Structures are given as structure tokens and as C-alpha cells.
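Chains as they are written, first to last, in full-length UniProt numbering: chain A, 1 to 183; chain B, 1 to 183.
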DNA sequence: CAGTGAAACGGAGTAAGTCTCCGCTTGATG
DNA sequence: CATCAAGCGGAGACTTACTCCGTTTCACTG
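Here it is as C-alpha cells:
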């Protein structure tokens, strides 16, 4: 790639990050172009669809996921506390941008979505946490990772759309934890 | 209201029902007007916002809710089976139109949404089912109706956006049921 | 059963956003 | 420094949301 193209691409991602945080993932793309000081044509050449731009944005979060798993697993207390700490991180990551939770989770089951690889990282992280629970013998039989990811995605989507505070999210995560762990 | 106005209003609701079922709740409103054989001005006079039209559409479902509660409570088996039957109905009702689940559930906590009265009907119905569970002594302590509604709304939203089949939704409802009922 | 005023209509028009096309510019290369 | 493909930008075509106002229609009254 030519140096100027690379520069524009980087700048677009940076600006998009900013615009999406301010106005949600549905913000006008021409605004991103304008603020980045490029024409719309340039934006669309680099990112043919809105989703492609979302994907580029989210690449930066992905790197944090592994760290968040570790952090959650280091929580004081038993398995339940660790699991809930992870659930809270999961929801916090998904709700970082307005509108992101629904889109990421929707692409979980969809093979051909460009977001697929990103949400796979979340799913893998959750799987590792569930595996830890299973190793400790506290996981119910028949609990499927994909289902838990979807449940958490649903909670994150609700939290996103209703602008719920963490203390309003917590009781929902409690119910899911109860449903996932042995009594 | 003048007779011609009433006629147009009825026709708009009827056509909107059709258009929204075909193309989702985000379908172009001008298309609704065109198919109904009225100008856009007429549509916007009767329904100033998209949400107002949604509300009118959903009024017809609301009447079914009470019946669905009864049907679910008549399910063969124990409390768990009844609860799951109701959960399945709840999700089915919310996913009847593409995009409806997220919007209805989002307006649950929001006092000033025009959808509020509609979703209150769902919340009340769910409350009555939870009360039945409590009466039978199978409900966990501290389970809140609003949280369960949001969880179900989240599941419905995921089902909607990923076009999940009932058999893919069921395991999520199982987890919620586990989380809501005593072990 | 006209006449009349208010209610309601319709559609042209404005605005906002998406996305493409193509003539011009610029960076890399020999 | 000449060349030319890669890349740029922005005008403009298209789509959808929503408004404004001249015209039509209904309901009521004498």
C-alpha cells in the first residue's frame, strides 16, 4: 500500500473511533470522511461497507479480551464471583460503543459476517471461562457456550439500548450465573 | 374524527402491518403511505413518528397476551414446564415483527416512550406468571420481574437478529428458567 | 338541499445520508 | 526527472424522512 493511502486509512480508523463513540455506530459515514479531511470516495475505497469500518474499529478491543479474562479469574472469592466478574467485563466490552453489542452478537452464528472473527474472540474467551468452571465441577450439565454468549449479548444489548447502569445489569447476570452454575 | 380520516387511519394501520411484516419495522414510511394510497402528509398527520405507528400496530397483539398466559399455564407438567411454555410465548410474541423485540424491551424502563403502555402489558403478564411460581414456592428469592423481562427481551432480540429457530432459543430459556427457579 | 367553514388531503419540495464515478493528483520506481 | 498506476476528492444520483400549503371533502346549518 502506498504511504499516503496507509496514512489516510489510519486516520480514518482513528476518527471513526471518535465519531462512533460520540454518535453511535450508525453515525453518518460522510461525517467520518469530513472530519478525517478526506472525500467520501476515499473512505468507501478503504472500507466498502459500514461493517468493514466497524470491524477495523473493534480490532483494537480484541487485544484486551485475554487480559480481561485473566483479570476476572483473579477476582477474590469462589467460582461464582469469578464468573460474575467475567460476565461484567464481557458486557462492559460489548457496550463500549453504542449499538455495538447487538451487531457483534448477531454475527456470532453467521459464518460470512466480517465481524465474525472479532466475536469469535469473545466466544473463545467465554469458552475458556466456562471450561474453568467445568474443571472445578461447578458447571451445570448441557450448558452450551454459544447460548451463554447470546444471553450475555442480549443483556449487553438491553443495557446499551436502555442505558442501564452496572447495578441494573448485575441482577440479570446473577440470574444467568444461577442458570449456568450447579445449585 | 371525520369518516374519511377514520377510514384512512384504519387502512394505514392495516397496510403498515403488512409492510412491517415484510420488510421489518424500519421499512420506509413513504412506502406505507404509497401502498395505502395516501400522501405522506396524511400518514404523518395520523402518526407523527414511526414509533406512533408501531404502537398502533402492536395494539392488536396486546389483546392476545392474556390468552397466551392462560394457555401457557395450562401446559401439562410442573412449574418448570409452565414457565418455559410462557417464556416461549413471550419470545414468540416479541419476535413477530422484525426489529420489534429490541424496541419494545428498550421502552420497558422508559416512562415517556409511546410504547410504554404496550410493553407494560407484557411486564404485567410476566409478573403474574412469576407470582404463580412464587405461590408454588419454586421461585428463587430476590428475582425481579423487570430483570426477567429484560432477559427475555434480550433473548428475543438475539433470536430476531440472528433469525434463530425455536430449538435454538430454547436452551437460552432453559438457562433463564434455571436461574429463576429454585434448584 | 345548497352554502359554508373547518378538517383533512396529497404531493411537491427540502433536507440528510449513502454510495459511485471519473477527471485530477501524487507517490514509487527505473 | 519522467512515467504511470495507485490513490484522491467531490460532484451528483439515488433513497428516505418529514413539512408546508393550496385544494378538496365532509358535516352541519338555515
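In this text, a Cβ means the ideal position worked out from N, Cα and C, and glycines have one as well.
Fair warning: this is a prediction, and the values are worked out from it, not measured in the lab.
Secondary-structure assignment with DSSP links residue 139/A through a beta bridge to 181/A. Contiguous alpha helix (DSSP H) elements confined to the segment 100-167 of chain B occur at 100-106, 116-135, 145-161, taking only those with 4 or more residues. Between residue 126/A and residue 149/A, the C-beta spacing is below 7 Å.
For residue 19/A, the enclosing alpha helix (DSSP H) stretches over residues 3-23. Counting every other CB atom within 10 Å of its CB across the protein chains shown gives residue 136/A a total below 16, marking it as exposed. In the three-state reduction of the DSSP assignment, residue 87/A falls in the helix class. Between residue 50/A and the set 63/A, 67/A, 25/A, 83/A, the nearest pair of CA atoms involves 25/A.
Closer than 7 Å to the CB of residue 183/B there is at least one CB belonging to chain A. The three-state reading of DSSP puts residue 74/B in coil, since its state is none of H, G, I, E or B. Of the other Cβ atoms in all chains shown, fewer than 16 fall within 10 Å of the Cβ of residue 7/A; this residue is therefore exposed. Flagged as an interface residue toward chain B: residue 179/A, by a C-beta distance shorter than 7 Å. Exposure of residue 142/B is indicated by the presence of fewer than 16 other C-beta atoms within 10 angstroms of its C-beta. Counted as a single uninterrupted DSSP element, the alpha helix (DSSP H) harbouring residue 30/B occupies residues 29-36. For residue 42/B, the uninterrupted alpha helix (DSSP H) run begins and ends at 40-46, by DSSP. Annotated three-state conformation of residue 96/A is coil, per DSSP. Closest by C-alpha distance to residue 68/A, out of 90/A, 139/A, 138/A, is 90/A.
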